[in-house]
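Engineer: Numbering (the UniProt record's numbering), first residue to last: 1 to 333.
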């Protein structure tokens, strides 16, 4: 059954994690294109700032303070969206948190809290959204994954584990909905590093400032991919050429990719010394900012750094080419 999605100008879009980063940028961009937007996050004041900007530009927005770890909050979010705008056409599960630290450093309670937000918040959001999307005659369910859905990232081990789980859930849900003919498109968005305020918000155990592994792309690229999936059924979408290249290399030469990551990815994610921070793991930390300090930087890609600085330059370059070819082969299957 082919899923037909509406143009943005005729859509009602619910976005979790809309107080900053991808969520805020997606909401602003959608509103500029005529969509009615429902903004959800723990940080009500930041949501109000985003909504005021939308309304000042002639758009329509509803703010619903929401903790995605609470199923009842998500059900309230859906109910208020329908009461205000009559239906839901697209639901974006974007809320997420991060932790910087080795798996040995991170306490179990923090790992569990991250899964409550990144995985269970997305699972419950999906389950709440499905009947409303069907009631509207069909729609798009868009889940936020990561390159970490396909490839583990050292120092972000539990985050990577949550995004692996998100991928498994999303892929299974897509097949089940297609099997029963539900008119719902299910998309997984998988960005590489994007210049959001994420490094300033993560729970940090490293004693050094978290930073994004390069190359850092603009968050608007992710927002455009989300809104494209809201209008055109897309199975999954990598953001930044470095993402499929990394995954392709990991599939073709996983041990080599391990070695590259061990060599490059620790320093690539650590800045100057700083005090550890609780971040927004348990408290809302949205500041109505789309971009963070790293948002405008475009440094060299980690694989390129490895090629320039490692004694195995020729092997890295060859493996990179193999990774790209491997990814193309896998995509054709």
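Glycine included, each C-beta is placed from N, C-alpha and C at the ideal position.
If you follow the beta strand (DSSP E) that residue 238 is part of, which residue opens it and which one closes it?
Structural biologist: Looking at the DSSP string, the run of the beta strand (DSSP E) that includes residue 238 is 236–239.
Engineer: Go ahead and label residue 207 buried or exposed: buried means 16 or more other beta carbons lie within 10 angstroms of its beta carbon, across all protein chains shown.
Structural biologist: Exposed: under 16 other Cβ atoms inside 10 Å.
Engineer: Count the other C-beta atoms from every protein chain shown that fall within 10 angstroms of the C-beta of residue 55, then say buried if there are 16 or more, exposed otherwise.
Structural biologist: So residue 55 ends up on the exposed side.
Engineer: In this structure, does DSSP put residue 187 in helix, strand or coil?
Structural biologist: DSSP places residue 187 in strand when its eight states are reduced to three.
Engineer: In whole angstroms, what is the alpha-carbon distance linking residue 297 and residue 17?
Structural biologist: Its pLDDT being 43, under 50, residue 297 is placed unreliably in this model, and the coordinates cannot settle the point.
Engineer: For the beta strand (DSSP E) holding residue 229, just list the boundary residues, first then last.
Structural biologist: No beta strand (DSSP E) holds residue 229; the alpha helix (DSSP H) holding it covers 219–231.
Engineer: Do residue 100 and residue 210 have their CB atoms nearer than 8 Å?
Structural biologist: Yes, Cβ-Cβ distance for residue 100 and residue 210 is below 8 Å.
Engineer: Should the stretch 138–145 be regarded as contacting the stretch 85–99, the criterion being three or more beta carbon pairs within less than 8 Å?
Structural biologist: Cβ pair count under 8 Å is three or more, so yes.
Engineer: For residue 189, which residues in the same chain have their Cβ closer than 8 Å to its Cβ, ignoring the five residues on either side in sequence?
Structural biologist: 142, 143, 144, 145, 222, 225, 226, 229, 236, 237 and 239, listed in sequence order.
Engineer: Measure the alpha-carbon distance for residue 205 versus residue 105 and round it to whole angstroms.
Structural biologist: One C-alpha to the other measures close to 7 Å.
Engineer: Excluding sequence positions up to five away, which residues of its chain have a Cβ less than 7 Å from the Cβ of residue 69?
Structural biologist: Cβ within range, chain order: 116, 117, 120 and 121.
Engineer: Between which two residues does the beta strand (DSSP E) containing residue 41 stretch?
Structural biologist: From DSSP, the beta strand (DSSP E) with residue 41 extends over 36–41.
Engineer: Out of curiosity, what's the CA-to-CA distance linking residue 78 and residue 279?
Structural biologist: Their backbone Cα atoms lie some 28 Å apart in a straight line.
Engineer: Alpha carbon to alpha carbon, how far is residue 300 from residue 30?
Structural biologist: Unreliable positioning characterises residue 300 in this predicted model, as indicated by a pLDDT of 37, which lies under 50. The coordinate reading is nonetheless provided below. Going from the Cα of residue 300 to the Cα of residue 30 covers about 31 Å.
Engineer: Using 10 angstroms around the beta-carbon of residue 306, count the other beta-carbons present and answer buried if the total reaches 16, otherwise exposed.
Structural biologist: Low local confidence applies: a pLDDT of 39 at residue 306 is under 50, so the model's placement there is unreliable, with the coordinate-based value given in what follows. Classification for residue 306: buried.
Engineer: Between which two residues does the beta strand (DSSP E) containing residue 144 stretch?
Structural biologist: Element bounds for residue 144: 139–144.
Engineer: When we look at the beta-carbon of residue 90 and count the other beta-carbons within 10 Å, is it buried (16 or more) or exposed?
Structural biologist: Classification of residue 90: buried, given that the 10 Å Cβ count is 16 or more.
Engineer: Suppose you measure from the CA of residue 266 to the CA of residue 12; what does that come to, to the nearest Å?
Structural biologist: Residue 266 and residue 12: Cα-Cα distance of roughly 41 Å.
Engineer: Take the Cβ of residue 199 as the centre, count every other Cβ of all protein chains shown within 10 Å, and call the residue buried at 16 or more, exposed below.
Structural biologist: By the 10 Å Cβ count, residue 199 comes out buried.
Engineer: Tell me, please, whether the CB atom of residue 64 is closer than 8 Å to any CB atom in chain B?
Structural biologist: Judged by its chain identifiers, the structure shown contains no chain B, having just a single protein chain.
Engineer: Check residue 243 in the structure and name its three-state DSSP category.
Structural biologist: DSSP places residue 243 in helix when its eight states are reduced to three.
Engineer: In this structure, does DSSP put residue 310 in helix, strand or coil?
Structural biologist: Reliability of the predicted coordinates at residue 310 is poor, the pLDDT of 35 falling under 50, and no value is obtained from them.
Engineer: Using the rule of at least 16 other Cβ atoms within 10 Å of the residue's Cβ for burial, across every protein chain shown, is residue 25 buried or exposed?
Structural biologist: Answer is buried; the Cβ neighbour count reaches 16.
Engineer: Find the nearest neighbour of residue 282 within the set 113, 58 and 2, judged by alpha-carbon distance.
Structural biologist: Comparing Cα-Cα distances from residue 282 to each of 113, 58 and 2, the minimum goes to 113.
Engineer: Excluding the 5 residues flanking residue 328 on each side, which residues of the same chain have their C-beta closer than 8 Å to its C-beta?
Structural biologist: Model confidence at residue 328 stands at a pLDDT of 46, short of 50, so the residue's coordinates are unreliable; what they give is reported in the following sentence. Contacts found: 248.
Engineer: How about residue 174 and residue 186: do their beta carbons lie closer than 8 Å?
Structural biologist: Closer than 8 Å, so yes.
Engineer: Using the C-alpha atoms, what's the distance from residue 7 back to residue 231?
Structural biologist: Roughly 6 Å separates the two Cα atoms.
Engineer: The beta strand (DSSP E) that contains residue 210, what's its start and end?
Structural biologist: It spans 208–210 - the beta strand (DSSP E) in which residue 210 sits, taken as one unbroken run.
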